[in-house]
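Engineer: Have a look at this one.
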Amino acid sequence: VPSPFLTPGPSLPYSLLPPLRLALPLPEELPSLGSRASTLLRDEELEEIKKETGFSHSQITRLYSRFTSLDKGENGTLSREDFQRIPELAINPLGDRIINAFFSEGEDQVNFRGFMRTLAHFRPIEDNEKSKDVNGPEPLNSRSNKLHFAFRLYDLDKDDKISRDELLQVLRMMVGVNISDEQLGSIADRTIQEADQDGDSAISFTEFVKVLEKVDVEQKMSIRFLH
Ligand SMILES: [Ca+2]
Ligand SMILES: [Ca+2]
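Residue numbers for the sequence shown follow UniProt numbering, so the first one is 1 and each next one is one higher.
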């Protein structure tokens with residue numbers, strides 16, 4: 001009998017926000033002048049990305065060099081296969097869903113701008129940003145945008161609801177083989193019961209946000225740059 005302490009997977013109640021920590025190995029050194037990375041990333045584009053994503057100049061340059069090293073086709077875009085070469089994504093149980101989130105509807109390539117926009121959801125909120133510019137556009141890494149990102153990982157058919165089936169699919173990815181379909185079904189039912197307020201047996205984004213009200217989103221959704 002396997003020890004219950006070794007049983008992987010979600011316990012009851014299942015948190016609708018699975019840990020989404022991205023770890024990206026980055027080159028230690030900034031690419032030197034004249035290298036491919038610094039010649040292709042134009043200054044004005046760098047400024048725009050900085051404004052849009054909040055990443056620093058040095059983070060963007062290093063992510064660009066990481067991006068180009070993943071770009072095996074050398075055409076300035078990444079395919080799904082390119083992403084699968086990031087070991088941290090390849091071993092993440094939700095890796096495929098996360099990779100999917102980088103791609104716009106119907107697209108099978110993502111450019112650097114799009115890559116950075118998705119990564120920005122994982123950027124920590126810094127103290128000096130908390131009170132900043134209430135009239136400006138909402139930053140990509142705001143609590144609400146982070147939650148929306150997590151919500152979309154479930155909502156495959158994009159009807160703005162998480163159905164029991166969609167929840168089950170993600171649960172299945174999160175657990176090992178030690179949990180039976182019955183047990184998983186009952187976790188899904190309990191999770192929906194807890195979140196569902198309008199009685200449609202599905203979880204809307206509003207219900208999703210409400211049930212995660214007290215959850216430390218920052219702590220569960222983050223990006224770490226490995227050196
Ligand atoms: Ca749905
Ligand atoms: Ca509902």
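Virtual Cβ for every residue (Gly too), placed ideally from N, Cα, C.
Work out the CA separation of R85 and E47 for me, nearest whole Å.
Structural biologist: Position 47 of the sequence shown holds residue 47. Position 85 of the sequence shown holds residue 85. The straight-line gap from Cα to Cα measures roughly 28 angstroms.
Engineer: If we call anything under 8 angstroms between Cβ atoms a contact, is P124 one with S56?
Structural biologist: Sequence index remark: in the sequence shown, residue 124 carries index 124 (1-based). Sequence index remark: in the sequence shown, residue 56 carries index 56 (1-based). Not in contact: P124 and S56 (Cβ atoms no closer than 8 angstroms).
Engineer: With a threshold of 8 angstroms, are at least 3 pairs of Cβ atoms found where one atom belongs to the stretch 135-147 and the other to the stretch 175-187?
Structural biologist: no
Engineer: In this structure, how does DSSP classify V175 when only helix, strand and coil are distinguished?
Structural biologist: Mapped onto the sequence shown, residue 175 falls at position 175. V175: coil per DSSP, three-state reduction.
Engineer: Tell me which same chain residues have a C-beta within less than 7 angstroms of the C-beta of S201, skipping the five on either side of it?
Structural biologist: Taking the sequence shown and counting its residues from 1, one reaches residue 201 at position 201. Same-chain partners within the cutoff: R164 and I192.
Engineer: Pick out the complete alpha helix (DSSP H) segments inside the UniProt domain "EF-hand" (58-93), 4 residues or longer, and give them in chain order.
Structural biologist: 80-84 and 87-91
Engineer: Assess contact between the stretch 59-69 and the stretch 93-100, defined as three or more Cβ pairs (one per stretch) separated by less than 8 angstroms. Is contact present?
Structural biologist: no
Engineer: Can you give me the C-alpha to C-alpha distance between D71 and D196, rounded to a whole angstrom?
Structural biologist: To locate residue 71, count along the sequence shown from 1; it is residue 71. To locate residue 196, count along the sequence shown from 1; it is residue 196. Approximately 42 angstroms, taken between the alpha carbons.
Engineer: Identify every run of the alpha helix (DSSP H) within the stretch 98-182, keeping only runs that are complete inside it and at least 4 residues long; order them along the chain.
Structural biologist: 112-120, 143-154 and 164-174
Engineer: Identify the continuous alpha helix (DSSP H) that holds Q197 and give its terminal residues.
Structural biologist: On the sequence shown, residue 197 is found 197 positions in, with the first residue counted as 1. No alpha helix (DSSP H) contains Q197, which DSSP labels as neither H nor E.
Engineer: Would DSSP call S186 helix, strand or coil?
Structural biologist: Counted from its first residue, the sequence shown places residue 186 at position 186. Correct three-state label for S186: helix.
Engineer: Would you decide whether A90 is buried or exposed? Buried here means 16 or more other CB atoms lie within 10 Å of its CB.
Structural biologist: Working through the sequence shown from its first residue, we reach residue 90 at position 90. Burial state of A90 is exposed, judged by a 10 Å Cβ sphere holding fewer than 16 other Cβ atoms.
Engineer: In this structure, does DSSP put L24 in helix, strand or coil?
Structural biologist: Stepping through the sequence shown from its first residue, residue 24 is reached at position 24. Looking at L24 - three-state DSSP - the assignment turns out to be strand.
Engineer: From what residue to what residue does the alpha helix (DSSP H) around K220 run?
Structural biologist: For this step, residue 220 is matched to residue 220 along the sequence shown. Start and end: V217 to K220.
Engineer: Measure the C-alpha to C-alpha separation of R143 and V211 and round it to an integer number of angstroms.
Structural biologist: Against the sequence shown, residue 143 aligns to sequence position 143. Against the sequence shown, residue 211 aligns to sequence position 211. So the alpha carbons of these two residues sit roughly 14 angstroms apart.
Engineer: Count the other CB atoms, across all protein chains shown, that sit within 10 Å of the CB of V170; report buried if there are 16 or more and exposed otherwise.
Structural biologist: The sequence position of residue 170 within the sequence shown is 170, counting from 1. That one is buried.
Engineer: Please tell me whether L78 and V110 are closer than 8 angstroms, where the distance is taken between their beta carbons.
Structural biologist: For the purposes of this step, residue 78 is taken as residue 78 along the sequence shown, with counting starting at 1. For the purposes of this step, residue 110 is taken as residue 110 along the sequence shown, with counting starting at 1. Going by beta carbons, L78 and V110 fall inside the 8 angstroms limit.
Engineer: Is I162 close to ligand 1? I mean its beta-carbon at under 7 angstroms from any heavy atom of the ligand.
Structural biologist: Taking the first residue of the sequence shown as 1, we reach residue 162 at position 162. Yes, since a heavy atom of ligand 1 falls inside the 7 angstroms radius drawn around the Cβ of I162.
Engineer: Between D108 and the rest of its own chain, which residues show a CB-CB distance below 8 angstroms, the 5 nearest in sequence each way excluded?
Structural biologist: Here residue 108 refers to the residue found at position 108 when the sequence shown is read from its first residue. Excluding sequence neighbours, D108 sits near S79 and R80.
Engineer: Between K220 and G76, what straight-line distance do the alpha-carbon atoms span, to the nearest angstrom?
Structural biologist: Here the question's residue 220 lines up with position 220 in the sequence shown. Here the question's residue 76 lines up with position 76 in the sequence shown. Cα-Cα distance, rounded: 31 angstroms.
Engineer: Measuring CB to CB, does V217 end up less than 8 angstroms from L17?
Structural biologist: Here residue 217 refers to the residue found at position 217 of the sequence shown. Here residue 17 refers to the residue found at position 17 of the sequence shown. Cβ distance < 8 angstroms, so V217 and L17 count as in contact.
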